[in-house]
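Following our numbering, the residues of the sequence shown are numbered contiguously, the last one being 1205. Backbone N, C-alpha and C fix where the C-beta goes; we use that ideal spot for every residue, glycine too. Report on the following structure.
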Amino acid sequence: EQALQVAQTMGLAEAGGAGTVLYYDLEAYDGEDSACVEAARAFVAGWMQRIQQSNSYAGLYALACNPPIARYGDLAPAPDAVWFAAWTRQSYDPAVTVNDLPASCLPPALWNQSQRIRQYAGSHDETWGGVTLEIDSNVLDGIVADLAGVVEPPVTVIVETPQLSPAYDTDDPCASGWHRYTNVRGQPAYLSPAQPLGGTVPPLNYAIWQPTLPVTGTWRIEALIPSHGTVEWPCLNQTLSADTRGARYTVYGLDGAATSVQDQLPLNDDWLRLGSFQLAAGDGGQVYLDAAVADAPVHVSFSAMRFTLEFEGVLPERLYLPHVRR
880 EQALQVAQTM
890 GLAEAGGAGT
900 VLYYDLEAYD
910 GEDSACVEAA
920 RAFVAGWMQR
930 IQQSNSYAGL
940 YALACNPPIA
950 RYGDLAPAPD
960 AVWFAAWTRQ
970 SYDPAVTVND
980 LPASCLPPAL
990 WNQSQRIRQY
1000 AGSHDETWGG
1010 VTLEIDSNVL
1020 DGIVADLAGV
1030 VEPPVTVIVE
1040 TPQLSPAYDT
1050 DDPCASGWHR
1060 YTNVRGQPAY
1070 LSPAQPLGGT
1080 VPPLNYAIWQ
1090 PTLPVTGTWR
1100 IEALIPSHGT
1110 VEWPCLNQTL
1120 SADTRGARYT
1130 VYGLDGAATS
1140 VQDQLPLNDD
1150 WLRLGSFQLA
1160 AGDGGQVYLD
1170 AAVADAPVHV
1180 SFSAMRFTLE
1190 FEGVLPERLY
1200 LPHVRR
C-alpha cells in the first residue's frame, strides 16, 4: 500500500497506483533455509498480487544466482518482470546483456519478453559530462509502463523563510521583536508579538515572501503555521502562547493587491490556505504580512509559504479567489 501511494504522490502512477512498474527489493536471504525460502516466496506472491490488482506491473529485484531468482518463476501470480544482481563487471561495459546467465539461475524460458533488467556492476565511480558519481551499472531490456493517463504532480514552489524587517537579531531578539525557532520542516520560523493596528512605534514587524515562479498562472498560496510553546517576552513584560485570529496577508499579483484575513490559531504544523491568485512568471509577485492585528496580546506566525500551480496562463477574465476568514 505504501509503494502504491508513493508512486501516485510522485506522479508515477494514476489514482490507486495504476499504470506503473513497481519492483520489490528482496535483497539477500538464507537460500538454504527452507522455511526462509517459503516465507520469501509467500511474501513475494502477495506483493505481486496486490500490485497487479492495482493495474500496475509487479517486478522483483533479487540476486540472480544465490539463491536463484528462477525459484519465483512458478509463483501464482509470478512477477511481471525481474531486476537481478549478477555482478560480473567492475564498471560500465556496453557489451553486457541481460541473457548470458547460467540456466540454473535464470533459464532462457523465464521473463524473456523484454522483462529483464540486469545489475552487472556494484558500487563504483563513473564520470559522465565531467561529473563523477558513485553508481551501480545496469543493462535494461525491461517492460515499460503505460503512463498515458498519469496526472503529473502539481508544480509547487516553497519559500522556506521570508525576508524579515527588522532583521532578526541573534544577540538580542527583543531588540528586533522576533522569536526564532525550528519548524516541522527543519527550517527557521519566527514569531512576533502582535502590534496595534495602525501603530508605528515601535517600528512595525513585517515579512515578505517573494517566490521565483516558473510560469504565469493561477497559484494557490498557503502559509505554514508551525506549532510552538509559550514564549517569554521580558522586554515587553509579556508571556504569550496563542497565535492571532486575524493575520492580514496581502498578495501582490497580476490583479494588484488583495488582502486575505486568516485565523492562525487552530493550526499546528499545517498549511493555511490564503486563496488562489494570478501571479506572473519570475519574482514579481509577493506575499506581505505584518504584526499589526486587532486581537493582541497574541503572536503572529511567520514561516514557510507554499505556491501551487492550479492553472497555467492568464485566464480570459481576471480572477481573484480569496479564501477569507473574518
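Quiz item: If we ignore side chains and look at the alpha-carbon of each, how far apart do Val1029 and Glu1191 end up?
Solution: Translated into positions along the sequence shown, residue 1029 becomes position 150. Translated into positions along the sequence shown, residue 1191 becomes position 312. The predicted position of Val1029 is uncertain, since its pLDDT is 48 and thus under 50; a value taken from the coordinates is nonetheless stated next. Cα to Cα, the separation comes out at about 18 Å.
Quiz prompt | Among Ser993, Pro1045, Ala1046 and Ala1000, nearest to Ala1024 - alpha-carbon criterion | solution = Stepping through the sequence shown from its first residue, residue 1024 is reached at position 145. For Ala1024, the nearest C-alpha among the options comes from Ser993.
Quiz item: Does the Cβ of Gly1008 have 16 or more other Cβ atoms within 10 Å, making it buried, or fewer, making it exposed?
Solution: Here the question's residue 1008 lines up with position 129 in the sequence shown. Under the 10 Å beta carbon count, Gly1008 is surrounded by fewer than 16 other beta carbons and is classified as exposed.
Quiz item: Distance, Cα to Cα, Ala988 vs Asn978?
Solution: Residue 988 sits at position 109 when you count from the first residue of the sequence shown. Residue 978 sits at position 99 when you count from the first residue of the sequence shown. Rounded to whole angstroms, Ala988 to Asn978 spans 11 Å at the Cα level.
Quiz item: So, Ala1073 versus His1178, is the Cβ gap smaller than 9 Å?
Solution: Counted from its first residue, the sequence shown places residue 1073 at position 194. Counted from its first residue, the sequence shown places residue 1178 at position 299. Taking 9 Å as the cut-off, the beta carbon of Ala1073 is found closer than this to the beta carbon of His1178.
Quiz item: Do you know offhand how far Phe1206's Cα is from Trp966's?
Solution: Outside the displayed range of the chain (880 to 1205) lies residue 1206, so it cannot be described from this structure.
Practice problem: Note down, in chain order, each residue of its chain lying with its Cβ closer than 6 Å to the Cβ of Gln1042, except the 5 sequence neighbours on either side. | Solution: Sequence index remark: in the sequence shown, residue 1042 carries index 163 (1-based). Ile1087.
Practice problem: Please classify Thr888: does DSSP put it in a helix, a strand, or coil? | Solution: The count along the sequence shown starts at 1 and reaches residue 888 at position 9. Note: Thr888 maps to helix in three-state DSSP.
Quiz item: In angstroms, rounded to a whole number, what distance separates the CA positions of Glu880 and Tyr903?
Solution: The sequence position of residue 880 within the sequence shown is 1, counting from 1. The sequence position of residue 903 within the sequence shown is 24, counting from 1. The alpha-carbon atoms of Glu880 and Tyr903 are separated by roughly 12 Å.
Practice problem: With a 10 Å radius around its C-beta and 16 neighbouring C-beta atoms as the bar for buried, classify Asn945 as buried or exposed. | Solution: As a working note, residue 945 is residue 66 in the sequence shown. The Cβ neighbour count for Asn945, taken over all protein chains shown within 10 Å, is under 16; the residue is labelled exposed.
Quiz prompt | Spatial neighbours of Gln969 in its chain, beta-carbon cut-off 7 Å, leaving aside the 5 residues before and after | solution = The residue labelled residue 969 in the question sits at position 90 within the sequence shown. In its chain, beyond the 5 residues on either side, Ala1000 and His1003 have a beta carbon closer than 7 Å to the beta carbon of Gln969.
Self-check item: Extent of the continuous beta strand (DSSP E) to which Trp926 belongs
Solution: Translated into positions along the sequence shown, residue 926 becomes position 47. Under the DSSP assignment, Trp926 falls outside any beta strand (DSSP E), being part of the alpha helix (DSSP H) whose first and last residues are Ser913 to Gln932.
Quiz item: So what does DSSP say about Pro987, is it helix, strand or coil?
Solution: By 1-based counting over the sequence shown, the position of residue 987 is 108. Pro987 falls in the coil class under three-state DSSP.
Exercise. Indicate whether Phe1181 and Leu1070 have their beta-carbon atoms separated by less than 9 Å.
Key: Counting from one through the sequence shown, the residue named residue 1181 turns up at place 302. Counting from one through the sequence shown, the residue named residue 1070 turns up at place 191. Between Phe1181 and Leu1070, the C-beta spacing is below 9 Å.
Quiz prompt | Whole-Å CB distance - Asp1148 paired with Ser1106, under 8 Å assumed | solution = Sequence index remark: in the sequence shown, residue 1148 carries index 269 (1-based). Sequence index remark: in the sequence shown, residue 1106 carries index 227 (1-based). With 8 Å as the limit, Asp1148 and Ser1106 qualify as a contact, their Cβ atoms being about 5 Å apart.
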